[in-house]
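Engineer:
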Amino acid sequence: MLTAANTFYQKVIETIEDVSQTQSDQIETASQWITESIKAGGVLHVFGSGHSHIVGVDLFYRAGGLSPVNAMLDYNLTQLGGGRPTRSTQLERLEGYAKIIFDNYDLRSGEILVVVSQSGINPAVVEAALEGKALGLKVIALTSLEQSSNAESRHSSGKRLFELADLVIDNRIPPGDAVIEVGEGLPKAAPISTIIHCLIMQAIVAEVATRLYDAGVKPPIWMSANVPGGDAWAEEMMKQFGGARLRTQ
């Protein structure tokens, strides 16, 4: 009998329902901002460190996803960067590192930046929000208010991600991310932030695509490259926007 697995399924379902019931206004606002930005020729920028970078990957060049997405991926802030597993943790706590990343991208005033972080306290995501604001972008935080509001910032400003964002979407996940009690003296198992964060962002993608269509704008949606017509469709999308928005000078 899959006792722990079934409990995990239920925890995920409960969190999805909680997000649906409590964050609909925030998701509505985020969808509207992104819709208006894309209509004006803008790009959606996504930043996260550690496993939060997966949200950017899930949105970037994905069948059914939006074409004008700039996933600000830096391998050194992920588990793909090599070295010890704690290397990415050290770098996300290093002030100045996120600014180097942002200096390599062409972010434009009026566009939208989504910063993803369960804790919202490390310098990388705080700095990302500060950089986005300084460049005139609207910053959306995807974070756990329960965890972040009860934790101290590791950034010299003393600020946490939710305190800097123009809009906060609360993932409704408890501190520590994991949800399954294993035994006394042990940390909980089975984190859910990646599931919930990706779900929230794909819900926003669904809203943006339909809102663009309803406004008479052809939604820039990627088609699977593994269905008939997919390659030709991808070529057309690539002409509009098909890669990272890198700074050229």
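With my numbering applied, the sequence shown corresponds to residues -6 to 242, in that order.
Quick reminder that beta carbons are idealized off the backbone N, C-alpha and C, glycines included.
1. Apart from the five residues on each side of it in sequence, which residues of its chain come closer than 6 Å, Cβ to Cβ, to Asn115?
2. Identify, in the order they occur along the chain, each residue of the same chain with its Cβ nearer than 7 Å to the Cβ of Thr0, setting aside the five sequence neighbours on each side.
3. Using CA atoms only, rank isn't needed, just tell me which of Leu70, Val132 and Asp163 is closest to Gln83.
4. If we ignore side chains and look at the alpha-carbon of each, how far apart do Val5 and Ala(-3) end up?
5. In its own chain, which residues sit with a C-beta less than 8 Å from the C-beta of Ile9, not counting the 5 before and 5 after it?
6. Assuming Ser30 and Glu104 form a contact by the criterion Cβ under 8 Å, report the distance between their Cβ atoms to the nearest whole angstrom.
7. Buried or exposed: where does Gln3 fall if 16 or more other Cβ atoms within 10 Å of its Cβ makes it buried?
8. Buried or exposed for Arg77, going by 16 or more other Cβ atoms inside 10 Å?
9. Step through the CB atoms of chain C and report whether any lies within less than 7 Å of the CB of Phe234.
10. With DSSP as the reference, identify every bridge partner of His38, one or two as the case may be.
11. Kindly indicate which three-state DSSP category Ala182 falls into: helix, strand or coil?
12. Distance check for Gln25 and Lys32, CA to CA, integer angstroms please.
Structural biologist: A quick look at the data gives this:
1. Position 122 of the sequence shown, counted from the first residue, corresponds to residue 115. Hits under 6 Å: Glu85, Arg86 and Arg147.
2. Taking the first residue of the sequence shown as position 1, residue 0 is located at position 7. Ile173, listed in sequence order.
3. Locating residue 83 in the sequence shown gives position 90, where the first residue counts as 1. Closest option to Gln83, Cα to Cα, is Leu70.
4. Counting from 1 along the sequence shown, the entry for residue 5 is found at position 12. Counting from 1 along the sequence shown, the entry for residue -3 is found at position 4. If you take the alpha carbons of Val5 and Ala(-3), they lie about 12 Å apart.
5. Residue 9 sits at position 16 when you count from the first residue of the sequence shown. Cβ within range, chain order: Ile189 and Leu192.
6. Position 37 of the sequence shown, counted from the first residue, corresponds to residue 30. Position 111 of the sequence shown, counted from the first residue, corresponds to residue 104. Right, the Cβ-Cβ distance comes to about 6 Å (below 8 Å), so this counts as a contact.
7. On the sequence shown, position 10 is the one that residue 3 refers to. It counts as exposed.
8. Position 84 of the sequence shown, counted from the first residue, corresponds to residue 77. Under this definition Arg77 is an exposed residue.
9. No chain C is present in this structure, which holds just one protein chain.
10. As a position in the sequence shown, residue 38 is number 45, starting the count at 1. Asn63 and Leu106, per the DSSP bridge assignment.
11. Counting from one through the sequence shown, the residue named residue 182 turns up at place 189. It is a strand residue.
12. Stepping through the sequence shown from its first residue, residue 32 is reached at position 39. Stepping through the sequence shown from its first residue, residue 25 is reached at position 32. Cα-Cα distance, rounded: 11 Å.
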